[in-house]
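Residue numbering for the sequence shown follows our numbering, beginning at 271 and increasing consecutively.
Below is one structure, written out as structure tokens; the observations come after it.
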Amino acid sequence: MTIMKTRIKKALLGFTALLMGLAIFSFTSPLGGDTVEIFQGDKLLLRQHIHIDKELKTIQVAAQGEKVFVYYSHCGTNGQSRKLTLRDESGQLVKTWTYPDAQGTAKSLMECKIQEVMAVSNLRKGKMFLYYNSKEMGEERKIAGIELK
Numbered sequence: 271m272t273i274m275k276t277r278i279k280k281a282l283l284g285f286t287a288l289l290m291g292l293a294i295f296s297f298t299s300p301l302g303g304d305t306v307e308i309f310q311g312d313k314l315l316l317r318q319h320i321h322i323d324k325e326l327k328t329i330q331v332a333a334q335g336e337k338v339f340v341y342y343s344h345c346g347t348n349g350q351s352r353k354l355t356l357r358d359e360s361g362q363l364v365k366t367w368t369y370p371d372a373q374g375t376a377k378s379l380m381e382c383k384i385q386e387v388m389a390v391s392n393l394r395k396g397k398m399f400l401y402y403n404s405k406e407m408g409e410e411r412k413i414a415g416i417e418l419k
């Protein structure tokens, strides 16, 4: 009788440990992954983990306002041969910005003067899209929709 109780207790303990392990690991994000952050001045407009949150976000940028900065992290590091591209709704190229390779591990923000482009173009209406590319990626990735406030 006591042998049976011991076996049942061990089985229940093992099952409980298994359930706890599943619960813990179900809510943790995978290590690594690419992240994009977009700021207007000091204000964070967007933070997105690319491999987890696949839905494209749209940000609103003030037509007259502070500079827009983008940080794209490749598993915690800066990319090489970085480039941001602004395209209209039909995919036509509006503007491309290129950036020098970042040295060290500090966040290297990329400035893009979207307001200047919008001021001299006829694209004030409709949505624009911001793309990122680097040596690590091979092809550009759409990272955000942009609307002017």
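By construction, the Cβ of each residue, glycine as well, lies at the ideal position given by its N, Cα and C atoms.
Only a predicted model underlies this, so the values are computations on that prediction, with no experimental measurement involved.
Let's test the definition: count the other Cβ atoms within 10 Å of the Cβ of residue i and tell me whether it reaches 16, buried, or not, exposed.
i	result
residue 404	buried
residue 398	buried
residue 281	exposed
residue 278	exposed
Quick one: what's got a C-beta closer than 6 Å to residue i's C-beta in the same chain, skipping five residues either side?
i	result
residue 406	344 and 349
residue 368	353
residue 319	303 and 305
residue 378	348 and 372
For residue i, which residues from the same chain have a beta carbon less than 8 Å from its beta carbon, with the 5 sequence-adjacent residues on both sides left out?
i	result
residue 366	353, 354, 355 and 356
residue 410	353, 355, 401, 402 and 403
residue 412	326, 399, 400 and 401
residue 396	358 and 359
What is the C-beta distance between residue i and residue j, in whole angstroms, given that I count them as a contact (C-beta under 8 Å)?
i	j	result
residue 314	residue 327	Residue 314 to residue 327, Cβ: 12 Å. No contact.
residue 376	residue 308	That pair is no contact at about 18 Å.
residue 416	residue 329	6 Å
With distances taken between CB atoms, is the gap from residue i to residue j smaller than 9 Å?
i	j	result
residue 340	residue 402	yes
residue 332	residue 400	no
residue 358	residue 364	yes
residue 380	residue 342	yes
Which residues in the same chain have their Cβ closer than 7 Å to the Cβ of residue i, if we skip the five residues on either side of it in sequence?
i	result
residue 310	331, 332, 335, 336 and 338
Which one or two residues does DSSP pair with residue i in a beta bridge?
i	result
residue 313	310
residue 305	319 and 343
residue 402	354 and 411
residue 338	310 and 382
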